[in-house]
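The number in this note's numbering is simply the position in the sequence shown, starting from 1, with 7 added.
We put the beta carbon where it would ideally sit given N, CA and C, even for glycine.
What follows is one structure encoded as structure tokens, with my remarks underneath.
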Amino acid sequence: MSFQPNPGDEVVINDIAYTIGQHPAAPGLAYAQAGRQGIVYQLIPRTGTIHGAKALKVFFPKFRIPAMVYQSEHMEPYSELPGLRVCKREVLTPERNGALIGEHPDLLYAVLMPWVQGLTWFDVISDQKQLTAEESLQLARALAGTGSAMEQRGLAHCDMSAPNVMIPFFSEVQNSALTSAVELVDVEQMYGSKMDRPDALLAGSPGYAAHRTVHSGLWSSYADRFAGAVIIAEMLCWSDPAIVEKAWGESYFDQHEMQTSSERYFTMRGSLENRWGSKLSDLFIRAWESHDLSSCPTFGEWYIALASVDTQQAEAFLAALEAPQEDVTESSETDVVATPKDSETSTSVKQDAKAGNTSNSKQSPDQEAVVNRLFLQARALEDEDKPAAALEVYRSLYHFIPDNSAMQLEVEAAIKELDAKINSNTETTEPAVIPFYRSRKFMISSAVLIVLLAGGVPTVKILADQAEVKQQEAARIAAAKAAEDAEAAKLKQAEAEKQKAAEAAKQEADAKKKLAEAKQKEAETKKQEEERKALQAKYEKQAKYEAYLAKQEQQKKEAARKALQAKYDQQAKYEAYIAWKKENDARIAKEKAAAEAKRKQELAQKEALKKRRAQNVVTLIASYNKAYNAQIGRKTDSALSYARDFKNLYNTDASYFKGVGKVAARMSAINKFLSNSKYSLPDL
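This is the structure in structure tokens:
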């Protein structure tokens with residue numbers, strides 16, 4: 008019988024009675040959560056409270072592994088670490104829970120462990136639940152602390168992802184003071200020096216798996232570093248509304264974006280640096296640009312960096328974003344326009360500012376490589392005739408290139424050109440902006456510079472003789488420059504108005520989208536309510552049918568009782584006849600009972616011998632497998648110890664074991680190994 012419990016059903020495990028919990032969002036259904044390896048049910052003790060609730064994980068057939076018992080025994084000491092409460096586990100075995108497993112075969116090697124109250128990190132991302140800066144920092148520190156404690160003991164979760172990170176911090180049920188703000192679940196794939204390698208390795212979860220290592224599976228002490236870095240970065244940035252809005256869906260990153268120069272990557276990197284400082288941003292960049300898991304930062308590095316930050320910078324940055332921008336705009340417009348009289352002064356100031364910007368905008372080689380890749384990506388999107396996508400990439404690239412550089416001017420021109428192409432249906436009279444290196448002014452200035460360099464001292468003498476002409480030319484150029492600056496200011500204002508209109512259109516589209524989503528959500532809620540009512544009606548119909556069957560069964564029992572009573576009445580008439588046979592029948596019954604007792608005793612002895620032999624065969628195979636695994640792990644002393652255990656048990660009943668399966672072949676291999684420890688045990 009498969010295990011499909013209903014709310015309130017009783018389950019007795021290890022002499023403790025539990026009831027199946029009811030799902031808080033779906034009355035009438037059991038509180039169950041499905042995962043990749045099985046289904047987890049909530050069990051509430053009959054004599055306890057919700058704080059003593061347990062989780063019963065029922066594995067799918069592929070993951071019902073007998074070695075789970077051995078693995079759980081080695082996990083239990085780690086349950087004292089913060090964030091690893093679920094390592095305190097009990098495995099349901101045929102020896103201890105035979106009756107329950109006989110009734111529900113699906114419970115073979117199921118695991119009983121503490122129930123962790125609260126949301127998963129997956130729920131926080133999917134619901135776009137924005138955190139405060141203090142909550143972000145607290146969760147990130149808790150996860151880094153758990154990861155650091157695991158690394159110090161050579162452990163790794165090997166499937167760290169949003170669904171496997173629980174947040175008791177957000178639980179509606181009051182947790183104990185010892186509960187960590189973050190708890191890890193689904194620890195069956197955990198790596199450790201004493202753990203056996205799983206038969207089927209997981210390759211990580213979408214949105215958290217490093218694409219450079221995803222093909223080979225994850226099972227090493229470094230397995231959590233990349234996924235942990237992504238989740239810590241998500242937790243830190245989830246108090247930034249821009250990050251929450253840009254999330255892909257069930258995780259911040261789409262799996263196809265992992266370790267690529269995407270817009271989401273640059274947005275998250277900028278948010279980390281602006282809100283939490285360069286140390287945390289540098290750690291995230293190291294993880295993102297790493298070529299293998301061992302190159303990613305350790306959880307200890309994350310923990311140290313998180314211990315040295317506070318929420319003041321993040322809150323100040325958020326306040327600065329929300330502050331009005333009118334004053335800044337007015338001051339920038341005032342600085343753009345300069346009178347001809349002050350042209351020489353403004354030119355020198357601009358040259359100084361340009362020099363300062365150039366010195367402060369130097370890029371590291373890694374950042375320059377990322378910028379170049381992003382630039383090439385935008386060019387490729389242009390070639391593929393995808394102007395909208397190319398425009399988004401150019402806009403994200405614009406914030407990461409040096410000011411007043413050739414690439415910045417070229418990107419500005421590309422943004423304006425693509426914007427004009429996308430909005431070509433709207434008539435405009437704005438003149439096309441010519442890049443500075445193609446303008447007439449730049450060409451004339453370059454020619455003058457070449458003449459000055461080529462002429463040397465004679466040219467300076469000629470220019471000195473013609474000072475008056477030069478002053479007139481300078482005045483003319485200054486006037487032309489003032490006109491150009493005024494025209495540029497006009498173009499900038501027009502561009503700002505156009506951008507404002509585009510933003511208004513975008514806001515209107517977003518409002519329509521949110522309205523549509525609200526209607527869709529309302530329709531889904533209505534549909535769920537209808538399904539719940541239909542399910543409730545089905546349950547009521549089933550209850551009526553069961554009541555009818557119970558009534559029929561009661562009537563059958565009553566009829567049988569009356570028939571039996573009539574039979575007893577009839578037999579009473581013959582009591583006189585039966586009395587004289589009583590003594591003889593008693594003697595015969597006594598002899599039969601003695602014979603039956605003797606037969607049962609002999610049968611029990613045979614059955615006990617058969618069971619003991621079967622158990623010994625299992626023990627022999629387990630000892631041989633342990634010796635083989637120890638030899639594979641280069642633990643020769645342990646392998647020899649297991650081999651001696653095998654031989655000693657085999658010799659207790661050699662005549663029987665010789666004819667069972669491959670036990671004799673294993674004995675032959677053990678003898679060879681004991682006589683020569685360099686002999687390689689075959690995989691039987």
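With respect to the C-alpha of S278, the residue from C244, M167, P175 and T26 having the closest C-alpha is C244. The beta-bridge partner set that DSSP reports for L63 consists of Y48 and L119. Apart from sequence neighbours up to five positions away, the residues of its chain that approach A314 with a beta-carbon distance below 8 angstroms are R148, ordered along the chain. G199 and S228 have their C-alpha atoms spaced approximately 7 angstroms apart. E553 and Q49 have their alpha carbons spaced roughly 26 angstroms apart. Relative to the Cα of A140, the nearest Cα in the group L691, Q319 and M75 belongs to Q319. Spanning the alpha carbons of P213 and A169 requires a straight line of approximately 10 angstroms.
When secondary structure is reduced to three states using DSSP, Y38 falls in the coil class, being assigned neither helix nor strand. If you draw a straight line from the Cα of Y649 to the Cα of K633, it is about 6 angstroms long. DSSP, read as helix, strand or coil, puts L138 in coil.
A check of alpha carbon separations from T127 across L610, R103 and F176 identifies F176 as the nearest. A Cβ-Cβ contact shorter than 8 angstroms links I429 with P394. In the three-state reduction of the DSSP assignment, Q572 falls in the helix class, which pools H, G and I. Comparing C-alpha distances from L627 to each of K597, S675, A596 and T305 shows the shortest one belongs to S675. Put simply, of L225, S258 and K563 the residue whose alpha carbon is nearest the alpha carbon of D299 is L225. By the beta-carbon neighbour count (other beta carbons within 10 angstroms, threshold 16), V192 is buried. Apart from sequence neighbours up to five positions away, the residues of its chain that approach S684 with a beta-carbon distance below 7 angstroms are T643 and L647, ordered along the chain. Excluding sequence positions up to five before and after R282, its CB lies within less than 7 angstroms of the CB of D247, Q320, A321 and F324, all in the same chain and listed in chain order.
Here the alpha carbon of G28 sits roughly 23 angstroms from the alpha carbon of V194. Around the beta carbon of R53, a 10 Å sphere encloses fewer than 16 other beta carbons of the protein chains shown; the residue is thus reported as exposed. In terms of Cβ geometry, E270 and V65 do not form a close pair [threshold 8 angstroms]. For the set A32, T56, L63 and A24, the Cα lying nearest the Cα of F10 is the one of L63. The closest CA to that of V625, considering only K588, A230 and R673, is found on R673.
When beta bridges are read from the DSSP output, V98 appears opposite V118. In the DSSP assignment, A601 falls within the unbroken alpha helix (DSSP H) covering K589 to I639. DSSP places Y584 within a helical segment (H, G or I) once states are collapsed to three. A Cβ-Cβ separation of about 6 angstroms places P73 in contact with Y116 under the 8 angstroms criterion. Cβ neighbours of V98 within its own chain (closer than 7 angstroms, five residues either side excluded): M75, V76, S79, Y116 and V118. Pairwise C-beta distances place the stretch 294-312 in contact with the stretch 147-163, as three or more of them are shorter than 8 angstroms. Per DSSP, T26 is one residue of the beta strand (DSSP E) stretching across I23 to I27. One thing to note: M173 has its Cβ no nearer than 8 angstroms to the Cβ of I238. Taken through DSSP and simplified to helix, strand or coil, Y663 comes out as helix. For V251, the enclosing alpha helix (DSSP H) begins and ends at P248 to K253. CA-to-CA, the gap between A570 and K564 works out to about 10 angstroms.
A residue is called buried when at least 16 other Cβ atoms come within 10 angstroms of its Cβ; I57 does not meet this threshold and is exposed. Counting only the Cα atoms, D517 lies some 10 angstroms from A523.
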